[in-house]
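Engineer: Have a look at this one before I ask anything.
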Amino acid sequence: MIKTSVYSLAIGMHVSKLDRVWMSTSFFRRSFLIKNENQLNRLKAECEFVFIDPDKSKNTLLSPIDKTTTTEAIESASIEVSKTKNLLIKFFAQLQQGVNLDTKSLIPSISSLTHNVFNNTETYLYLAKLKEKDNSLSEKSIKVFIFYLAFAKHIGIKKDKLFEIGTAAILHDIGMLSVPEEFLISAFINKDERKYIQNHTNVGVEILSKENVFSKLTLRTIKHHHENIDGSGYPDGLKGRDISLYARMLNIICMYEAITRDRVYKKGIFPIEAVRTLVCNVNSKIDTRLTFKFIEMLGVYPLGSIVSIKESGELVQIISFDNNKVFRAIPSEAINKKQPIDKPLTIHSCDVHQIINVNSCFVEELISKQDKVQY
Numbered sequence: 105m106i107k108t109s110v111y112s113l114a115i116g117m118h119v120s121k122l123d124r125v126w127m128s129t130s131f132f133r134r135s136f137l138i139k140n141e142n143q144l145n146r147l148k149a150e151c152e153f154v155f156i157d158p159d160k161s162k163n164t165l166l167s168p169i170d171k172t173t174t175t176e177a178i179e180s181a182s183i184e185v186s187k188t189k190n191l192l193i194k195f196f197a198q199l200q201q202g203v204n205l206d207t208k209s210l211i212p213s214i215s216s217l218t219h220n221v222f223n224n225t226e227t228y229l230y231l232a233k234l235k236e237k238d239n240s241l242s243e244k245s246i247k248v249f250i251f252y253l254a255f256a257k258h259i260g261i262k263k264d265k266l267f268e269i270g271t272a273a274i275l276h277d278i279g280m281l282s283v284p285e286e287f288l289i290s291a292f293i294n295k296d297e298r299k300y301i302q303n304h305t306n307v308g309v310e311i312l313s314k315e316n317v318f319s320k321l322t323l324r325t326i327k328h329h330h331e332n333i334d335g336s337g338y339p340d341g342l343k344g345r346d347i348s349l350y351a352r353m354l355n356i357i358c359m360y361e362a363i364t365r366d367r368v369y370k371k372g373i374f375p376i377e378a379v380r381t382l383v384c385n386v387n388s389k390i391d392t393r394l395t396f397k398f399i400e401m402l403g404v405y406p407l408g409s410i411v412s413i414k415e416s417g418e419l420v421q422i423i424s425f426d427n428n429k430v431f432r433a434i435p436s437e438a439i440n441k442k443q444p445i446d447k448p449l450t451i452h453s454c455d456v457h458q459i460i461n462v463n464s465c466f467v468e469e470l471i472s473k474q475d476k477v478q479y
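Residue numbers (our numbering): 105 to 479.
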């Protein structure tokens with residue numbers, strides 16, 4: 105059985121188990137085949153995740169995992185992730201206790217996990233997308249690490265850089281251990297508290313610099329992962345290309361992770377809503393081109409996205425969703441000429457080659473300005 109979010113479900117999948125006692129729901133059976141949109145909507149309303157049986161699912165095209173991502177592969181990946189996570193927990197605890205940091209154990213584990221994520225990206229991305237109740241720094245760090253390496257692979261970053269930038273991703277918020285917990289669980293903080301939190305990037309670099317094992321690239325990426333394109337970020341107020349590629353990438357990942365994660369005072373938003381929020385922040389906080397590439401990697405496209413189709417190269421604009429993986433779209437030239445469309449095209453996410461642009465006006469009609477993230 106495969107654990108998956110209700111927002112990754114599709115007609116034809118076989119639900120073997122719910123995330124709650126089935127008698128407390130509107131479903132008459134413990135396990136069942138999803139046959140219609142009504143069942144999908146009820147699952148989304150009543151559950152957060154379910155367990156899918158791929159062998160009993162009729163819809164293999166829309167399976168929650170890639171065909172190469174077997175149960176065995178997921179179990180193996182989970183073990184590897186747990187090993188590194190436990191070492192991170194130990195590493196963070198050593199820092200808080202003021203004892204010597206065990207970098208000799210952690211660094212080989214990061215190196216091994218970097219190799220595994222690169223070679224089996226879909227499996228690890230599947231794990232990263234699962235919504236866990238664990239909101240610890242170690243869990244957050246692992247998720248950012250996986251998303252970051254998957255993103256680096258997607259845009260063609262050279263292999264010889266992956267360990268250094270992956271290390272930056274997994275340790276990017278180590279400086280947050282110096283921040284009082286009451287600051288982190290409060291929905292409202294004052295100006296001085298905000299400045300204290302923002303200093304975590306400098307604190308993190310200071311901590312890791314003392315170990316003399318982390319590269320300048322790793323430390324620089326950690327220091328600048330909250331720098332914004334328009335200069336409104338911290339700690340140095342860098343703008344545009346003055347911010348390194350790797351820090352710009354990490355800023356996008358951190359923003360996505362932050363707005364999808366549940367907090368004590370606020371529930372995280374769903375991926376499609378998070379993508380819309382990212383789009384609202386391009387050219388101000390985050391790099392436009394890199395953001396579109398990240399959205400492309402996620403395979404979650406906001407309404408108004410103009411994408412190219414793999415085989416034909418045709419440009420189309422997404423106008424609605426059947427579910428998370430199937431879109432309704434219209435040819436882009438029809439939009440420009442304002443031609444009426446009798447029947448929209450049906451596009452599957454696997455047919456999309458790349459995202460070309462997002463019609464910001466189209467998106468702004470759907471999203472209130474309050475959705476712009478305060479980050």
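In this text, a Cβ means the ideal position worked out from N, Cα and C, and glycines have one as well.
I need the DSSP call for Val119, collapsed to helix, strand or coil.
Structural biologist: Three-state result, Val119: strand.
Engineer: Is Ala114 helix, strand or coil by DSSP?
Structural biologist: Ala114 falls in the coil class under three-state DSSP.
Engineer: Would you call the CB atoms of Cys358 and Val248 closer than 8 Å?
Structural biologist: Taking 8 Å as the Cβ cut-off, Cys358 and Val248 qualify as a contacting pair.
Engineer: Mind pulling the beta strand (DSSP E) runs of 3 or more residues that sit fully within the stretch 229-259?
Structural biologist: DSSP runs (the beta strand (DSSP E)) wholly in the stretch 229-259: none.
Engineer: Going by beta carbon distance, what residues of the same chain come within less than 7 Å of Leu323, once the five residues before and after it are set aside?
Structural biologist: Hits under 7 Å: Val309, Leu312 and Ser313.
Engineer: How is Ile422 classed by DSSP in three states: helix, strand or coil?
Structural biologist: The answer is strand: DSSP assigns Ile422 an E or B state.
Engineer: Output the boundary residues of the alpha helix (DSSP H) element that contains Leu370.
Structural biologist: A small correction: the amino acid at residue 370 is Lys; Leu does not occupy that position in the sequence shown. Where Lys370 is concerned, there is no enclosing alpha helix (DSSP H), given that its DSSP letter is neither H nor E.
Engineer: So, is His276 buried or exposed, given that buried needs 16 or more other C-beta atoms within 10 angstroms?
Structural biologist: His276 should be labelled buried.
Engineer: What ranges does the alpha helix (DSSP H) occupy inside the stretch 285-313, keeping only unbroken runs of at least 4 residues that lie completely in it?
Structural biologist: Listed in chain order, the complete alpha helix (DSSP H) runs (minimum 4 residues) inside the stretch 285-313 are 285-288, 295-302 and 304-313.
Engineer: Which one of Gly202, Thr225, Glu243 and Ser216 has the shortest CA to CA distance from Leu97?
Structural biologist: Any question about residue 97 goes unanswered here, given that the chain covers just 105 to 479.
Engineer: Should Asp391 be labelled buried (16 or more other beta-carbon atoms within 10 Å of its own) or exposed?
Structural biologist: Buried.
Engineer: Got a sec, what are the start and stop residues for the alpha helix (DSSP H) Ser216 sits in?
Structural biologist: Thr207 to Asn223 is the extent of the alpha helix (DSSP H) around Ser216.
Engineer: To the nearest angstrom, report how far apart Ser109 and Val404 are at their CA atoms.
Structural biologist: Near 14 Å, if we compare the C-alpha coordinates of Val404 and Ser109.
Engineer: Would you identify the three-state DSSP class for Thr172, choosing helix, strand or coil?
Structural biologist: For Thr172, the predicted model reports a pLDDT of 41, less than 50, meaning its position is unreliable; a value from the coordinates is still stated below. Three-state result, Thr172: coil.
Engineer: For Val125, count neighbouring C-beta atoms within 10 Å of its own C-beta (all shown protein chains included) and say buried if the count is 16 or more, exposed if not.
Structural biologist: Exposed.
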